[in-house]
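Novice: Under the numbering used here, the letters of the sequence shown match residues 185 to 628, in that order. This structure is in structure tokens; I'll ask about it shortly.
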Amino acid sequence: MHGARLTGIALILVCQLLAAIGGRAQETASEVGASGDAVARIGVLAYRGNRAAIADWTPLAAYLSDSVDSWRFELLPVTLSSVEGEIEAGRLHFLITNPGHYVALSARHDLSAIATRERWAEISGSHLSRFGTAIIVAKNSAVASLNDLKGRKVAAVSPDAFGGFQIAWSQMQKQGVDAFRDLASLRFMGFPHDEVIAAVARGEVDAGIIRAGLLEILAGDGQIELDDFRVLNQQDHPGFPYRSSSPLFSEWPFAALPKVDKKLRETVLLALLRSQEAEISARYGLRDLWSAPLSYENTRKLVGSYQARVALAASASPAPPVLTPGLLFGLAALAVMGVSAALFYAQRRVAAPTAAAHQPEPRMPAEFEVYEDRMKRLTQREREILELICNGKQTRAIAIALGISPKTVEFHWTNLLHKTEAGTMAHLVQIATRLGYDQGVSLG
């Protein structure tokens, strides 16, 4: 961690990692499967969990394996935080992810979009090449507009989630609401998006940010009642069947990494375009189709504005929050051939009465479950420091609070990352908040 340290006043997570030093490492040769075919791995963003991602994308992998000679396609579910490691390890050839994530990654890894997804919408019986974000509240909520979110508790997926936060951030900005400053709290819950809906239903937060359409999909599956929720700032988009709080953006790209040679890239592109043929989509059960890549320029502009806001927060002089004790603003700054700003915004868990207490507690996603045993390895001092980090405290403030030196704080900071294997402090804060360590919970 070259010069890494915690700064900020109170908000969450990492805005994109650092430019790589001195050129890209030599790409590894493709693996060969048992059949003798070369193996190409497709990373798929598992925004509703690994099991759902595998189920959604297995038909496409089977189709490409049959359509591209001498290649077998395998799926590798990834998260917003794990994909970079998979790319740098050379394990991916292609990536299917949200457009904001694609834009951020392409700036560092030279990804190229070779096709755009046309997502099947059961509610309208049509394929959609654009999507938006829904900012939802409970049906009986007093919140009627985005401006009413000031001083309220809001849940989202991640600061890096395009449909799960950044689009909503932009809509709030346009109506004079700074999500990093004006909310009572901003709670990042990780994947799947369903967790955000559950938090709204249980009354843990006043509003939630999700991908437009997820409410209707879960209602169609019988998991929720659609009438239990309202969508703020609802906008009318002819031909778009879902309730949306935002303008629409180009759907997910199918992106190729630079290691993919011209022949394979173009063969895969042709196969994707042929998914439009009714006989092929029926034979392989392809619900989603693919078309020539749409423009991602409006996505690029929004992501650029968001990163500028993150950088502004990073450069601001730290000052303690005066009238917003619930606001958590933690900022991780790393320097490797330049500084990359990072924001993480977390919320202390409040034991509030729930409107749906009769509902069973949702199962914690596997991504968080694996960290429970690792957290138990922490010493009491490390837990104290982690609690203060989760509450947005800087190294010097932690040292004063605990009566230790800043060097000792940094020593424990390193141990926290080592023992939990969280990778980055931003990721650790997200995990710790979800497991209750932001309020000093003891698990043994």
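The beta-carbon is built from N, C-alpha and C at its ideal position, and this holds for glycine as well. Quick caveat: nothing in here was measured; it's all calculated off a predicted structure.
Quick check: Ala-363 and Ile-319, are their CB atoms within less than 8 Å of each other?
Specialist: Their beta carbons are not under 8 Å apart, which means Ala-363 does not touch Ile-319 by this criterion.
Novice: Only counting runs of 3 or more residues, tell me where the beta strand (DSSP E) segments fall wholly within the segment 397-478, in order along the chain.
Specialist: Counting whole runs of 3 or more residues, the segment 397-478 contains the beta strand (DSSP E) stretches 413-415, 437-440, 473-475.
Novice: Is the segment 434-445 close to the segment 260-280, with three or more CB pairs under 8 Å?
Specialist: Touching, yes, given that three or more Cβ pairs across the two stretches are closer than 8 Å.
Novice: Excluding the 5 residues flanking Tyr-247 on each side, which residues of the same chain have their C-beta closer than 6 Å to its C-beta?
Specialist: So the list reads Tyr-468, once near-sequence residues are dropped.
Novice: Can you tell me where the alpha helix (DSSP H) holding His-311 begins and where it ends?
Specialist: Premise fails: His-311 lies in the beta strand (DSSP E), 310-312, not in any alpha helix (DSSP H).
Novice: Helix, strand or coil for Ile-588, going by three-state DSSP, please let me know.
Specialist: Reduced to three states, the DSSP call for Ile-588 is coil.
Novice: Check whether the segment 401-417 touches the segment 258-271, counting contact only when three or more Cβ pairs, one atom from each stretch, lie closer than 8 Å.
Specialist: Output reads no: the segment 258-271 does not touch the segment 401-417.
Novice: Going by the beta-carbon positions, is the gap between Val-389 and Arg-371 smaller than 8 Å?
Specialist: The answer is yes: Cβ separation under 8 Å.
Novice: Can you tell me the Cα-Cα spacing of His-311 and Leu-457, whole angstroms?
Specialist: Their backbone Cα atoms lie some 14 Å apart in a straight line.
Novice: Starting from Lys-358, trace the alpha helix (DSSP H) in both directions and tell me its first and last residue.
Specialist: 351-358 is the span of the alpha helix (DSSP H), which, as asked, contains Lys-358.
Novice: Between Met-609 and Ser-254, what straight-line distance do the alpha-carbon atoms span, to the nearest angstrom?
Specialist: Near 42 Å, if we compare the C-alpha coordinates of Ser-254 and Met-609.
Novice: With Ser-266 and Arg-256 assumed to form a contact (beta carbons below 8 Å), what rounded beta-carbon distance in angstroms separates them?
Specialist: In fact, because the Cβ distance is near 23 Å, the residues do not count as touching under 8 Å.
Novice: Determine, using beta-carbon pairs with one atom in the segment 344-360 and one in the segment 480-498, whether at least three such pairs fall under 8 Å.
Specialist: Touching, per the Cβ criterion.
Novice: Apart from the five residues on each side of it in sequence, which residues of its chain come closer than 6 Å, Cβ to Cβ, to Ala-297?
Specialist: For Ala-297, where only same-chain residues beyond five positions count, the Cβ hits under 6 Å are Pro-437, Ala-439, Pro-477.
Novice: Using DSSP bridges, identify the partner residues of Leu-260.
Specialist: Leu-260 is bridged to Gly-227.
Novice: Enumerate in chain order the residues of its own chain whose CB-to-CB distance from Leu-398 is below 8 Å, with the five nearest sequence positions on each side excluded.
Specialist: Around Leu-398: Ala-318, His-377, Asp-378, Ile-381.
Novice: Provide the residue(s) that pair with Thr-317 in DSSP beta bridges, ordered along the chain.
Specialist: Answer is Arg-395.
Novice: By how many angstroms is the C-alpha of Phe-349 removed from the C-alpha of Ile-394?
Specialist: The alpha-carbon atoms of Ile-394 and Phe-349 are separated by roughly 7 Å.
Novice: Pairs of beta-carbons, one from the segment 332-341 and one from the segment 299-307, closer than 8 Å: are there three or more?
Specialist: At 8 Å Cβ cutoff, the stretches do not touch.
Novice: So, helix, strand or coil for Ile-615, using DSSP?
Specialist: Three-state DSSP puts Ile-615 in a helix.
Novice: Would you tell me roughly how many angstroms separate the C-alpha atoms of Phe-346 and Glu-461, rounded to the nearest one?
Specialist: Their Cα atoms are separated by approximately 30 Å.
Novice: May I ask you to list the residues that DSSP assigns as paired with Phe-372?
Specialist: Paired residue(s): Ala-340.
Novice: Over the uninterrupted alpha helix (DSSP H) stretch that includes Arg-292, give me the two end residues.
Specialist: That run of the alpha helix (DSSP H) goes 283-293.
Novice: On a Cα-Cα basis, can you pick out the residue from Gln-614, Glu-268, Leu-601, Arg-386 that is closest to Val-321?
Specialist: If we check each option's Cα against that of Val-321, Arg-386 comes out closest.
Novice: Under DSSP, the alpha helix (DSSP H) around Leu-572 begins and ends at which residues?
Specialist: Counting along the chain, the alpha helix (DSSP H) containing Leu-572 begins and ends at 564-574.
Novice: If you draw a straight line from the alpha carbon of Gly-360 to that of Ala-368, how long is it in whole angstroms?
Specialist: For Gly-360 and Ala-368, the distance between alpha carbons rounds to 15 Å.
Novice: Please report the distance separating the alpha-carbon of Lys-603 from that of Asp-557.
Specialist: Their Cα atoms are separated by approximately 10 Å.
Novice: Taking the C-alpha atoms as reference points, what is the distance between Arg-618 and Phe-375?
Specialist: Spanning the two alpha carbons is a distance of roughly 12 Å.
Novice: Can you give me the C-alpha to C-alpha distance between Arg-275 and Leu-470, rounded to a whole angstrom?
Specialist: In a straight line, the C-alpha of Arg-275 is about 25 Å away from that of Leu-470.
Novice: Under a Cβ-count criterion, where at least 16 other Cβ atoms within 10 Å of its own Cβ denotes burial, should Gln-614 be classed as buried or exposed?
Specialist: It is buried - the Cβ of Gln-614 has at least 16 other Cβ atoms within 10 Å.
Novice: Tell me the residue span of the alpha helix (DSSP H) that contains Arg-558.
Specialist: First-last of the alpha helix (DSSP H) with Arg-558: 556-559.
Novice: According to DSSP, Leu-279 sits in a beta bridge with which residue or residues?
Specialist: In DSSP, Leu-279 forms a bridge with Gly-227, Ala-439.
Novice: Where does the unbroken beta strand (DSSP E) through Ala-326 begin, and where does it stop?
Specialist: Note, Ala-326: premise wrong, no beta strand (DSSP E); not H, not E.
Novice: Could you check the C-alpha separation between Pro-546 and Asp-445 for me, to the nearest Å?
Specialist: Because the pLDDT of Pro-546 is 48, which lies under 50, any placement of that residue in the model is unreliable, and the number read from its coordinates should be weighed accordingly. Cα to Cα, the separation comes out at about 44 Å.
Novice: What does DSSP give as the partner residues of Glu-302 in its beta bridges?
Specialist: Partner(s): Leu-473.
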